[in-house]
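Remember, our numbering sits 37 above the position in the sequence shown when you count from 1.
Structure first, commentary second.
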Amino acid sequence: MAETVHENGRGLKVGIVGGSIAGCMTAIELVRLGCDVTLFERTGEELKDRGAGIGVPSSVIDTFIKRDLVDADIPYFSGHSFMRIWRTDQHQPYGYLAWDQPSNLALLNWGGLYRNLRKRVPNHVYRTGHRVTALQEQTNGRVEVTLSDGSRQEFDLVVCADGYASLGRRTLFPDVAIRYAGYVLWRGFLMEHEMSESQPLESGVRCLGYPGGHGIFYFVPGPGDSIAFGKRLINWGMYVPVPEPELAAFLTDKEGNVREGSLSPGSMPLATERALKQKAHERIPGYYAEVVEKSPDTFAYAIYDCEVPAYRKGRICLVGDAGAFARPHSAAGALKGINDATALSEALKAHSSVDEALAQWSAVQTETDNNLVRFGNQLGRALVREIPDWSKMDATSMEKWFTSIVTIQSEFFGSKEQKS
Ligand SMILES: Cc1cc2nc3c(=O)[nH]c(=O)nc-3n(C[C@H](O)[C@H](O)[C@H](O)COP(=O)(O)OP(=O)(O)OC[C@H]3O[C@@H](n4cnc5c(N)ncnc54)[C@H](O)[C@@H]3O)c2cc1C
Numbered sequence: 038m039a040e041t042v043h044e045n046g047r048g049l050k051v052g053i054v055g056g057s058i059a060g061c062m063t064a065i066e067l068v069r070l071g072c073d074v075t076l077f078e079r080t081g082e083e084l085k086d087r088g089a090g091i092g093v094p095s096s097v098i099d100t101f102i103k104r105d106l107v108d109a110d111i112p113y114f115s116g117h118s119f120m121r122i123w124r125t126d127q128h129q130p131y132g133y134l135a136w137d138q139p140s141n142l143a144l145l146n147w148g149g150l151y152r153n154l155r156k157r158v159p160n161h162v163y164r165t166g167h168r169v170t171a172l173q174e175q176t177n178g179r180v181e182v183t184l185s186d187g188s189r190q191e192f193d194l195v196v197c198a199d200g201y202a203s204l205g206r207r208t209l210f211p212d213v214a215i216r217y218a219g220y221v222l223w224r225g226f227l228m229e230h231e232m233s234e235s236q237p238l239e240s241g242v243r244c245l246g247y248p249g250g251h252g253i254f255y256f257v258p259g260p261g262d263s264i265a266f267g268k269r270l271i272n273w274g275m276y277v278p279v280p281e282p283e284l285a286a287f288l289t290d291k292e293g294n295v296r297e298g299s300l301s302p303g304s305m306p307l308a309t310e311r312a313l314k315q316k317a318h319e320r321i322p323g324y325y326a327e328v329v330e331k332s333p334d335t336f337a338y339a340i341y342d343c344e345v346p347a348y349r350k351g352r353i354c355l356v357g358d359a360g361a362f363a364r365p366h367s368a369a370g371a372l373k374g375i376n377d378a379t380a381l382s383e384a385l386k387a388h389s390s391v392d393e394a395l396a397q398w399s400a401v402q403t404e405t406d407n408n409l410v411r412f413g414n415q416l417g418r419a420l421v422r423e424i425p426d427w428s429k430m431d432a433t434s435m436e437k438w439f440t441s442i443v444t445i446q447s448e449f450f451g452s453k454e455q456k457s
């Protein structure tokens, strides 16, 4: 079938599945390119207030601003330091600082980033309450999208930005499975003023190691995007091993239902939360255990990863977590979605043939993003599965140990600036 010419993407009718970070990014970029875009988001309400903290390499913020993806004054904190700390009896309540590892992170409120992107997507493009149930390539080369109400629409191109359990990925590659990493990320946040002192959390990220995992603690802008002293949000997460046979029990909510992949804020049974908080008291320095203890409505999600053989088949593409899916240690979630989307629009701009653009884009994203998955695996090995006792180490031995395991030189994270 001869390809209809859509010079530099102009006039291309595009359907996007999913309206979170990667979906919004794709919509902004492709609307600006002159495509006729419709975005389907299954959630009935906007997603803006459901997130917590998110880290991206600092240099990325400048790129976002130059591309007018976020406001020039978007609030964030800079994390130039990754303090690797271990609990010891002698160093209570703040812990023993084994290594002050240089880093270069921008620490954002997830909702703040989402709102910046969402307001750049025209309202007529973004359709809430629209769940996509099937994608079907047509003999005319176009793609048919079926919605949960049974209605169907045809597009020249469908971009799936539907997250880690992506329908798009399952449709294109039914044999590709997401792999459970053997641990969950337990998360929470607390208003700064709930703690009698906040100095121990100033500037950078605290990374607290313990046998079987580590926790990360850092400030992100608080409600109303406030960065004022006292109004910041303490964002934290702790990696907790949960063997696969016990995962269903762990993900059982207050009502006794087994959730798929995560326990959202408010759904965790009291007994699960108490047991986790007790473990925190045993594993991390007292100051940080107090942050955890005071945090309301903590939540958790299972950690998976997944490499993909390609980012497109025909006219169906994957972006963000719908494509290769890396563990959160790599601080790559938001960044990867944003890069996939900007690279897609650049490829369409550079080629008069849509199919050539997609082929070239897919080859690059597949290699780059699968590499990020491997990078996340290496960090998972170093910081969770095989974490050594940092209380017996100093900066020199820590750096040597870290670089012996984390060997991938990521395009996004320099070897001296690894994130966790
Ligand atoms: C509400 C929310 C809060 C988050 N908070 C944080 C956070 O605090 N920190 C952090 O590091 N990461 C957070 N994340 C994850 C983070 O956004 C992603 O890992 C990363 O940015 C990549 O995003 P994504 O757009 O590829 O996927 P996701 O953010 O997972 O978004 C996928 C979107 O697709 C929609 N969707 C899925 N299936 C369908 C379907 N069949 N039809 C229509 N729509 C569909 C989902 O509702 C969702 O909005 C959050 C994600 C969400 C959805």
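In this text, a Cβ means the ideal position worked out from N, Cα and C, and glycines have one as well.
Short Cβ contact (8 Å threshold) for residue i with residue j
i: ASP342; j: LYS373; result: no
i: ALA326; j: ALA317; result: yes
i: LEU385; j: CYS354; result: no
i: VAL158; j: LEU106; result: no
i: GLY92; j: LEU154; result: no
i: LEU307; j: ILE271; result: no
i: PRO258; j: ASN146; result: yes
i: SER240; j: SER140; result: no
i: VAL410; j: ALA363; result: yes
i: SER185; j: THR165; result: no
i: GLY274; j: ILE253; result: yes
i: LEU204; j: LEU172; result: yes
i: VAL213; j: VAL345; result: yes
i: ARG422; j: GLY246; result: no
Residue environment, residue i, which counts as buried when at least 16 other CB atoms sit within 10 Å
i: VAL295; result: exposed
i: ALA361; result: buried
i: GLU310; result: buried
i: GLN455; result: Because the pLDDT of GLN455 is 40, which lies under 50, any placement of that residue in the model is unreliable, and the number read from its coordinates should be weighed accordingly. Buried, since its Cβ has 16 or more Cβ neighbours within 10 Å.
i: THR403; result: buried
i: GLY52; result: buried
i: LYS437; result: exposed
i: ASN160; result: exposed
i: GLU229; result: buried
i: PHE266; result: exposed
i: ASN177; result: exposed
i: ARG47; result: exposed
i: THR335; result: buried
i: PRO94; result: buried
i: ASP358; result: buried
i: SER457; result: Because SER457 carries a pLDDT of 37, less than 50, the predicted location of this residue cannot be relied on, and no value is offered for it.
i: ALA369; result: buried
i: GLN415; result: buried
i: ARG216; result: exposed
i: PRO365; result: buried
i: PRO322; result: buried
i: GLY417; result: buried
i: ALA39; result: The predicted model places ALA39 with a pLDDT of 45, which falls under 50 and marks its position as unreliable, so this point remains unresolved.
Those residues which DSSP pairs with residue i across a bridge
i: THR458; result: No statement about residue 458 is possible, as the shown extent of the chain runs from 38 to 457 and does not include it.
i: ASP342; result: ARG216
i: ASP137; result: MET120
i: VAL169; result: LEU184
i: LYS50; result: ASP73
i: LEU300; result: ALA337
i: HIS251; result: GLY246
i: LEU145; result: ILE91
i: VAL196; result: ILE53 and CYS354
i: SER263; result: GLY259
i: SER115; result: ALA143
Opening and closing residue of the alpha helix (DSSP H) in which residue i lies
i: MET435; result: 432–442
i: THR405; result: 391–417
i: ARG69; result: 58–70
i: GLU327; result: 323–331
i: LEU355; result: Careful: LEU355 lies outside any alpha helix (DSSP H), inside the beta strand (DSSP E) at 353–355.
i: ILE375; result: 370–387
i: ALA312; result: 307–320
i: GLY205; result: 204–209
Residue range of the unbroken beta strand (DSSP E) whose run includes residue i
i: TYR348; result: Segment: none, TYR348 is in no beta strand (DSSP E) and carries neither H nor E.
i: MET275; result: 270–278
i: TYR247; result: 242–247
i: ARG157; result: That residue, ARG157, is in no beta strand (DSSP E); it is neither H nor E in DSSP.
i: ARG189; result: 189–192
i: GLY92; result: 90–94
Closer than 8 Å to chain D by CB, residue i
i: SER263; result: The structure shown has no chain D; it contains just one protein chain.
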